[in-house]
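Asks: Read top to bottom, the protein sequences are chains G, U and E.
Residue numbering for the first sequence follows this note's numbering, beginning at 25 and increasing consecutively.
Residue numbering for the second sequence follows this note's numbering, beginning at 9 and increasing consecutively.
Residue numbering for the third sequence follows this note's numbering, beginning at 33 and increasing consecutively.
Each residue gets a CB set at the ideal place from its N, CA and C atoms; glycine is no exception.
Pasting a structure here, questions to come.
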Amino acid sequence: MIDQLGNGLLLGVIISVAAVALSLLYGVTRIVNFAHGEIIALGAILTLFFSGSVDSRVLFLDRFSPLGMNFVISAVFAVILCGIFGGLLELMLFRPLRRNSVGNIAVLVVTIGLSIFVRHIYLLFATGKVQNFPLELQRRETYLFFDMTPRNFKVLIVAVVVMITVGLILSYTKLGKAMRAVRDSEELANISGVNSDYIIFITWVFSSMLAGLAGIFQAIINDVRWNMGFLILLLIFAGTVLGGIGTSFGAMVGGFLIGVLVQISVGLPFMEGHVEAKNAVALAIMILILLFRPQGIFGKKERIS
Amino acid sequence: MSNNLLEVKNLSKSFGGLKAVSIDLLTFQKNQLTSIIGPNGAGKTTFFDLISGFQNSDSGEIFFNGKEITNIQPHKIARFGMVRTFQLTKVFDRMTVLENLLFSGSSVKNDSFLKSFLNPPTQRNYEKELQNRAYKVMEELNIKHMANSYARELSGGQKKLLELARSIINNPDVLLLDEPLAGVNPKLAEEILSLILKLSQQGITIIMVEHNIEAVMKISDRIVVLAEGSLIAEGNPSEIRSNKKVIEAYLGSENE
Amino acid sequence: MNINYKFITTLVLTVFSIYLVFALNTEGSERILLNLLTFAGIYGLSAIGLNVHFGWTGLLNFGHASFMGVGAYVTILLIPHAAGREGEFSTNGLPLIIALIVGVIAAALFGLLLGLPAIRLRGDYLAIVTIAAAEIFRLLVRDLESITGGVYGIISFSDSLQNYRPDFIDNLLTNFEFSPAQAWVGTLAWILIFVVLLLLKRLNNSPWGRALRAVREDEDAVRAMGKNAVWLKLQSFMLGAGIAGLSGVLLAFNYGSLQTTTFVPLLTFYVWAIMILGGVGSLMGPVFGSIIFWVIISETDRFAVLLFENANGQQIAGVRFVLVGLLIMFLMIFRPSGLLGKKEELLLNVK
Chain G
25 MIDQLGNGLL
35 LGVIISVAAV
45 ALSLLYGVTR
55 IVNFAHGEII
65 ALGAILTLFF
75 SGSVDSRVLF
85 LDRFSPLGMN
95 FVISAVFAVI
105 LCGIFGGLLE
115 LMLFRPLRRN
125 SVGNIAVLVV
135 TIGLSIFVRH
145 IYLLFATGKV
155 QNFPLELQRR
165 ETYLFFDMTP
175 RNFKVLIVAV
185 VVMITVGLIL
195 SYTKLGKAMR
205 AVRDSEELAN
215 ISGVNSDYII
225 FITWVFSSML
235 AGLAGIFQAI
245 INDVRWNMGF
255 LILLLIFAGT
265 VLGGIGTSFG
275 AMVGGFLIGV
285 LVQISVGLPF
295 MEGHVEAKNA
305 VALAIMILIL
315 LFRPQGIFGK
325 KERIS
Chain U
9 MSNNLLEVKN
19 LSKSFGGLKA
29 VSIDLLTFQK
39 NQLTSIIGPN
49 GAGKTTFFDL
59 ISGFQNSDSG
69 EIFFNGKEIT
79 NIQPHKIARF
89 GMVRTFQLTK
99 VFDRMTVLEN
109 LLFSGSSVKN
119 DSFLKSFLNP
129 PTQRNYEKEL
139 QNRAYKVMEE
149 LNIKHMANSY
159 ARELSGGQKK
169 LLELARSIIN
179 NPDVLLLDEP
189 LAGVNPKLAE
199 EILSLILKLS
209 QQGITIIMVE
219 HNIEAVMKIS
229 DRIVVLAEGS
239 LIAEGNPSEI
249 RSNKKVIEAY
259 LGSENE
Chain E
33 MNINYKFITT
43 LVLTVFSIYL
53 VFALNTEGSE
63 RILLNLLTFA
73 GIYGLSAIGL
83 NVHFGWTGLL
93 NFGHASFMGV
103 GAYVTILLIP
113 HAAGREGEFS
123 TNGLPLIIAL
133 IVGVIAAALF
143 GLLLGLPAIR
153 LRGDYLAIVT
163 IAAAEIFRLL
173 VRDLESITGG
183 VYGIISFSDS
193 LQNYRPDFID
203 NLLTNFEFSP
213 AQAWVGTLAW
223 ILIFVVLLLL
233 KRLNNSPWGR
243 ALRAVREDED
253 AVRAMGKNAV
263 WLKLQSFMLG
273 AGIAGLSGVL
283 LAFNYGSLQT
293 TTFVPLLTFY
303 VWAIMILGGV
313 GSLMGPVFGS
323 IIFWVIISET
333 DRFAVLLFEN
343 ANGQQIAGVR
353 FVLVGLLIMF
363 LMIFRPSGLL
373 GKKEELLLNV
383 K
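Written as structure tokens, this is what we have:
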């Protein structure tokens, strides 16, 4: 089980970052975004596009080569582009839907359509192959009581720093307060001088950047796949639900717990030889939580019914 | 059993430390029209939710017709003959007015899957009789001309009427009306008011939460005043009108 | 009259899409048509079940693939089959009809199980629970290799059905190069659609159907009227899941083998696309929706091959889904009532 702890911490922070993003978006817009996974994958695929070796003709049906840029710069570009993508989604798709007061359920179905659409564009563009960032292999080292490569350790640190920053932004800045105001009541926020359209736009950008970053982390630790976002989406939902939908702090903790649990469950006796079923454990936890404490660990009761 | 149709003992409910309802003893008599008034946040709607089963109480007992109904599921309480309406009108939007009434008037037995699948003559006859009942109620409430309109197309006041029609189609013993006049234009309000009075005269016990004091004073047999979840006064309209406590708690905060 | 107009348009569109198959394929168009009609029948049946959930009762079910899967696995495991890597054939098994009944009941019971969380949860939470439960089902089936054959799947079960194939199907198909076995499955699918629709039509116009619609509109008001909203929802879950289970069995017989990869979330989304295209809440909608949908899908494959010459099989199949995603989005945004849905009963403003 200790072997898995390092992996658990890594998966935990990834899901945590992605879950905060999802939860923030849900809190402000009430959209259950099934396309969240695709923004995660976008971060990884764009980073691969910028940083991959120029000699490997891997993109768009093996016709195009990546640009071979510096990795960190590539990642930064990718995150920014994810933000732009999220902003465009809001401006071109979700804002018009909101203007026409399309119901939440309809919007949810739209995000599912969007997710299927975008994901399979990736399949065409990034191929169905499992790919890796052009980073040299590293040996695992021991940190405190867990093992991981120095690079993954860096990812862990960066992710924690990102989350602390996000927490500070949400708690103390004007923007964070405005977001919370819109979350509690869009109407009230508008009356008190907050431009809710602007806040929702910023939330989309912010949430998408975080999602893209989570995708890059995930790709560094594992690999780049066209459907990597969808594979992890349900775990992110599980984390969000565990912490309490719509609460950022809850999503952070819930996401982290789910990640750790999934990896640790691999070491459980009854899981021997059933490694593939590890996600089922997380999903079962989520369903149980929804059955017995639907507001999650940190959520308030009134949010559910 | 005395004349008490509904009896509430030591009922309490709080939300996160805040007492929403705390009532030692409150009874409602048969055939009376009782209004519950009180400033915003007095716990009136919560009280309704508790006696109709839509929320569970923290402690206390509720008796209806001598039977304990504390924390029983709402549909069971409704089947005992106590039917409620909602502050924010709840109609079946994408069903026609007629369908709204047919569903509401239909018995649980009539709704059963097996019976619906077999559709025996008994069910067909029942549906015919039900349709007659629905039309009669619609006539009574002046909404017959809208029988085939979708409920979502009705105005706010018309929806209140539909909700009322739906609630009386099965001749309940007790009708719990949560702000039946809220957001209704004065002319229709007058109509609804006389309708409530008529229902009361027909022998239905009515308990009503309403903010329109004038209306309340006009038609109530008895008035119950809540403030901060507790009972502060009860009596007939003239008693309430001159009650100091009420003026302090209720009118005081109204004038803010 | 409005309904007639819609109906005629839909009919014309359906005929036109079938004509397209002939116009675009100079060779083997009959074979292509028979193939897609078989799929259209099976998926249409499944969409009819989903429509009971979402269209009638407003239940946001995104785990439909698992209902199909439960029906298929339970039925196939009960009849003679060969499972797993070794693939040893066991001749022991129940007669198909009994296995089928058990399978459909199992699917309905799984619906009941999945419906339990729905007692307390709002729509969007239910979507997450159902899709998660479907994934749990799929992961478990894949992992329980000793019973389900795991990733190796189950084979050699078709005889239980094909032994009953009437001769006329073989005779009719002599000129078409189309597998009589598949044609038999397709025929059964369309017969079942007919039977199920007759049953549902009866229920839709009944007090029970009326009660489901009331649940869809406002559960609290249903309770206030003395009706048990939870039980109604559970009944709806069971009926729709049972129908889905039936279609799952047909799907297994159509493929001739049973694989866990069949019952992925994308299967659910296919069925959703068909339901939305046909018209949410409409009885006949899924039937026409399914035919048109499968014409689009099968012709897309051909265009994808022409358009992206060096795409691999996975990517060609991906083009389908690009289209499915677009279709769902566009319909939801521009024509949420689909082909035959009632505008007045649009499920747009559901909370």
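By the three-class DSSP mapping on this structure, what secondary structure does E165(G) have?
Replies: Locating residue 165(G) in the first sequence gives position 141, where the first residue counts as 1. Strand at E165(G).
Asks: Taking the beta strand (DSSP E) that K117(U) falls in, what are its first and last residues?
Replies: The residue you call residue 117(U) lines up with position 109 of the second sequence. K117(U) -> no beta strand (DSSP E), and no H or E assigned at all.
Asks: Measure from the C-beta of K136(U) to each C-beta in chain E and report whether the shortest distance is under 7 angstroms.
Replies: Sequence index remark: in the second sequence, residue 136(U) carries index 128 (1-based). No, because no Cβ of chain E sits closer than 7 angstroms to the Cβ of K136(U).
Asks: Would you identify the three-state DSSP class for L255(G), choosing helix, strand or coil?
Replies: Here residue 255(G) refers to the residue found at position 231 when the first sequence is read from its first residue. The answer is helix: DSSP assigns L255(G) an H, G or I state.
Asks: Pick helix, strand or coil for M172(G), following the three-state DSSP scheme.
Replies: What you label residue 172(G) is simply residue 148 of the first sequence in a count that begins at 1. If DSSP states are grouped into helix, strand and coil, M172(G) belongs with the strands.
Asks: Residues in the same chain with beta-carbon distance under 8 angstroms from D156(E), minus the five sequence neighbours each way, listed in chain order, please.
Replies: Here residue 156(E) refers to the residue found at position 124 of the third sequence. Taken in chain order, the residues that qualify are L92.
Asks: Any idea if L112(G) is buried or exposed, counting beta-carbon neighbours within 10 angstroms, 16 or more meaning buried?
Replies: Taking the first sequence and counting its residues from 1, one reaches residue 112(G) at position 88. Exposed.
Asks: What ranges does the alpha helix (DSSP H) occupy inside the segment 141-200 of chain E, keeping only unbroken runs of at least 4 residues that lie completely in it?
Replies: You should have 155-175, 177-180 and 191-194.
Asks: Run through DSSP, which three-state label would E187(U) get?
Replies: Here residue 187(U) is taken as the residue at index 179 of the second sequence, counted from 1. Coil, per DSSP.
Asks: For chain E, find out if any of its Cβ atoms is closer than 7 angstroms to the Cβ of E326(G); answer yes or no.
Replies: The residue labelled residue 326(G) in the question sits at position 302 within the first sequence. Reliability fails at E326(G), whose pLDDT of 46 lies under 50, so the model's placement of it is uncertain and no value is given.
Asks: If you drop the 5 nearest sequence neighbours on each side, which residues of the same chain put their C-beta closer than 7 angstroms to that of Q95(U)?
Replies: Residue numbering aside, residue 95(U) sits at position 87 when the second sequence is read from its first letter. T53, D186, E187 and A190.
Asks: Thinking I365(E) and V206(G) are a contact (beta carbons under 8 angstroms), I'd like their distance in whole angstroms, please.
Replies: For this step, residue 365(E) is matched to residue 333 along the third sequence. For this step, residue 206(G) is matched to residue 182 along the first sequence. Not confirmed; about 24 angstroms, so no contact.
Asks: Do you know offhand how far M187(G)'s Cα is from G217(G)'s?
Replies: Locating residue 187(G) in the first sequence gives position 163, counting from the first residue. Locating residue 217(G) in the first sequence gives position 193, counting from the first residue. Whole-angstrom Cα-Cα distance: 29 angstroms.
Asks: Could you tell me whether the Cβ of I256(G) comes closer than 7 angstroms to any Cβ of chain E?
Replies: Translated into positions along the first sequence, residue 256(G) becomes position 232. Judged by the 7 angstroms Cβ criterion, I256(G) is not in contact with chain E.
Asks: When DSSP labels each residue in this structure, what does K252(U) get in the three-state scheme?
Replies: Working through the second sequence from its first residue, we reach residue 252(U) at position 244. K252(U) falls in the helix class under three-state DSSP.
Asks: Taking buried to mean at least 16 other C-beta atoms within 10 Å of its own C-beta, is S190(E) buried or exposed?
Replies: Counted from its first residue, the third sequence places residue 190(E) at position 158. So S190(E) ends up on the buried side.
Asks: What is the DSSP secondary structure of K374(E), reduced to helix, strand or coil?
Replies: As a first step, residue 374(E) must be located in the third sequence, where it is residue number 342. In the structure shown, K374(E) sits in coil (DSSP, three-state: anything other than H, G, I, E or B).
Asks: At a CB distance below 8 angstroms, what residues from the segment 222-242 of chain E approach chain U? Give them in sequence order.
Replies: Answer in chain order: L231, R234, L235, S238, P239, W240, G241 and R242.
Asks: Give the residues of chain G in contact with A164(E), contact being defined as C-beta atoms less than 8 angstroms apart.
Replies: On the third sequence, residue 164(E) is found 132 positions in, with the first residue counted as 1. In chain order: L258, F261, A262, L307, M310 and I311.
Asks: Per the DSSP calculation, H113(E) is bridged to which residue(s)?
Replies: Indexing the third sequence from 1 puts residue 113(E) at position 81. In the DSSP output, where bridge partners are listed per residue, H113(E) has S122(E).
Asks: Taking C-alpha atoms, which residue in T264(G), L266(G) and I245(G) lies nearest to A174(G)?
Replies: Your numbering for residue 174(G) matches position 150 in the first sequence. The question names Ala, but residue 174(G) is Pro in the sequence shown. If we check each option's Cα against that of P174(G), I245(G) comes out closest.
Asks: Go through its chain and collect everything with a Cβ distance to L314(G)'s Cβ below 7 angstroms, but skip five positions before and after it.
Replies: As a position in the first sequence, residue 314(G) is number 290, starting the count at 1. So the qualifying residues of the chain are V265.
Asks: Mind checking which residues open and close the beta strand (DSSP E) that includes A235(U)?
Replies: Sequence index remark: in the second sequence, residue 235(U) carries index 227 (1-based). Element bounds for A235(U): R230 to A235.
Asks: Would you mind giving the Cβ-Cβ distance between F157(G) and F101(G), rounded to the nearest angstrom? I have them listed as a contact below 8 angstroms.
Replies: Counting from 1 along the first sequence, the entry for residue 157(G) is found at position 133. Counting from 1 along the first sequence, the entry for residue 101(G) is found at position 77. Rounded, the Cβ-Cβ distance is 14 angstroms, inconsistent with contact.
Asks: Can you tell me where the alpha helix (DSSP H) holding S157(U) begins and where it ends?
Replies: Mapped onto the second sequence, residue 157(U) falls at position 149. Here S157(U) belongs to no alpha helix (DSSP H), and DSSP marks it neither H nor E.
Asks: Indicate whether G272(E) and V84(E) have their beta-carbon atoms separated by less than 7 angstroms.
Replies: Position 240 of the third sequence, counting from 1, holds the residue named residue 272(E). Position 52 of the third sequence, counting from 1, holds the residue named residue 84(E). Taking 7 angstroms as the Cβ cut-off, G272(E) and V84(E) qualify as a contacting pair.
Asks: Sort out for me which residues DSSP pairs S20(U) with in a bridge.
Replies: One-based indexing of the second sequence puts residue 20(U) at position 12. S20(U) pairs with S30(U) and S67(U).
Asks: Give a yes or no on whether the minimum CB-CB distance between L82(E) and chain G is below 7 angstroms.
Replies: Here the question's residue 82(E) lines up with position 50 in the third sequence. No, L82(E) lies away from the interface with chain G (no Cβ there is under 7 angstroms from its Cβ).
Asks: Spell out a yes or no on whether the segment 94-114 of chain E and the segment 130-138 of chain E are touching, meaning 3 or more CB-CB pairs, one atom from each, closer than 8 angstroms.
Replies: Flag = yes, the segment 94-114 of chain E and the segment 130-138 of chain E touch.
Asks: Going by Cα to Cα distance, which pick from N127(U), G49(U), K206(U) and S120(U) is closest to V29(U)?
Replies: Sequence index remark: in the second sequence, residue 29(U) carries index 21 (1-based). When only C-alpha atoms are compared, the closest one is G49(U).
Asks: I need the straight-line Cα distance from A173(U) to R255(E), nearest angstrom please.
Replies: Against the second sequence, residue 173(U) aligns to sequence position 165. Against the third sequence, residue 255(E) aligns to sequence position 223. Rounded to whole angstroms, A173(U) to R255(E) spans 16 angstroms at the Cα level.
Asks: According to a CB-to-CB cut-off of less than 7 angstroms, which residues of the segment 147-160 of chain E neighbour chain G?
Replies: So the close ones are P149, R152, L153, R154, G155, D156, Y157, A159 and I160.
Asks: Where do the ends of the beta strand (DSSP E) carrying V91(U) lie?
Replies: As a working mapping, residue 91(U) is identified with position 83 in the second sequence. From DSSP, the beta strand (DSSP E) with V91(U) extends over M90 to R92.
Asks: Could you give the first and the last residue of the continuous alpha helix (DSSP H) run that contains V254(E)?
Replies: Start at 1 with the first residue of the third sequence, and residue 254(E) comes out as number 222. Segment E251 to A256, the alpha helix (DSSP H) holding V254(E).
Asks: Of the residues E167(E), N57(E) and L109(E), which one's Cα is nearest the Cα of A97(E)?
Replies: Position 65 of the third sequence holds residue 97(E). The shortest Cα separation from A97(E) among E167(E), N57(E) and L109(E) belongs to E167(E).
Asks: Could you list the residues in the segment 357-373 of chain E with a C-beta less than 9 angstroms from some C-beta on chain G, going in chain order?
Replies: Result list: G357, L358, L359, I360, M361, F362, L363, M364, I365 and P368.
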